[in-house]
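Below is one structure; the comments refer to it alone.
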Amino acid sequence: MRAPTIGFSGMARDFKPVRSMMTISGDSEVRIENCKRLIECGDIKCGLISAGYLIEVWGSGLSASSFADGSACITGRVQSISISRRRGREDDGR
Numbered sequence: 001m002r003a004p005t006i007g008f009s010g011m012a013r014d015f016k017p018v019r020s021m022m023t024i025s026g027d028s029e030v031r032i033e034n035c036k037r038l039i040e041c042g043d044i045k046c047g048l049i050s051a052g053y054l055i056e057v058w059g060s061g062l063s064a065s066s067f068a069d070g071s072a073c074i075t076g077r078v079q080s081i082s083i084s085r086r087r088g089r090e091d092d093g094r
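The following block contains the structure:
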C-alpha cells in the first residue's frame, strides 16, 4: 500500500498560525500577533481583526504600527481591551 503524498503547499498550511497571541506591557503597549487587518485607529480607539476576532483597544493618545510578519503594536495609554468573535466575511472559519 502506498503512503499518501502531501505537496509542499499542504505542509505549509499546517504551519500557519490559527490563533492570535496578545502581549500587554503595562498600560502603554499592546502587541497582537496574527493580525489580519487594522480596521480603525483614532486617538481613543483602535480596532483590528485577528484570527476571526474583533479586538478593540480603548484609551487615550493611541497610535498603531503594523509589521510585515502580521503583528500590530498599539501604543498610548491603554484603558481597556475588548475581544469579540467576528462573524461574516472577515471570519476565517476557525
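Start counting the sequence shown at 1; every next residue gets the next number (the working numbering).
Each residue gets a CB set at the ideal place from its N, CA and C atoms; glycine is no exception.
Predicted model, so just to flag it, every value in this text is computed and none were measured.
Taking the CB atoms as reference points, tell me whether residue i and residue j lie closer together than 8 Å.
{"i": "residue 20", "j": "residue 75", "result": "no"}
{"i": "residue 64", "j": "residue 46", "result": "yes"}
{"i": "residue 59", "j": "residue 77", "result": "yes"}
{"i": "residue 61", "j": "residue 33", "result": "no"}
{"i": "residue 72", "j": "residue 80", "result": "no"}
Excluding the five sequence neighbours on either side, which residues of its own chain have a C-beta within less than 8 Å of the C-beta of residue i, listed in chain order?
{"i": "residue 53", "result": "20, 83, 84, 85 and 86"}
Leaving out the 5 sequence neighbours to the left and right, which residues in its chain are closer than 7 Å to residue i when beta-carbon positions are compared?
{"i": "residue 49", "result": "36, 37, 39, 86 and 90"}
{"i": "residue 44", "result": "58, 59, 60 and 62"}
{"i": "residue 24", "result": "30"}
Determine, using beta carbons only, whether residue i comes closer than 8 Å to chain C.
{"i": "residue 41", "result": "Considering every chain present, this structure includes no chain C. It has just one protein chain."}
My output table needs one value for residue i: the three-state DSSP class, helix, strand or coil.
{"i": "residue 22", "result": "strand"}
{"i": "residue 31", "result": "strand"}
{"i": "residue 87", "result": "coil"}
{"i": "residue 44", "result": "coil"}
{"i": "residue 61", "result": "strand"}
{"i": "residue 70", "result": "coil"}
{"i": "residue 52", "result": "coil"}
Taking 6 Å as the limit between beta carbons, can you name the residues of its chain near residue i, skipping five residues before and five after?
{"i": "residue 41", "result": "64"}
{"i": "residue 22", "result": "32"}
{"i": "residue 51", "result": "19, 20 and 34"}
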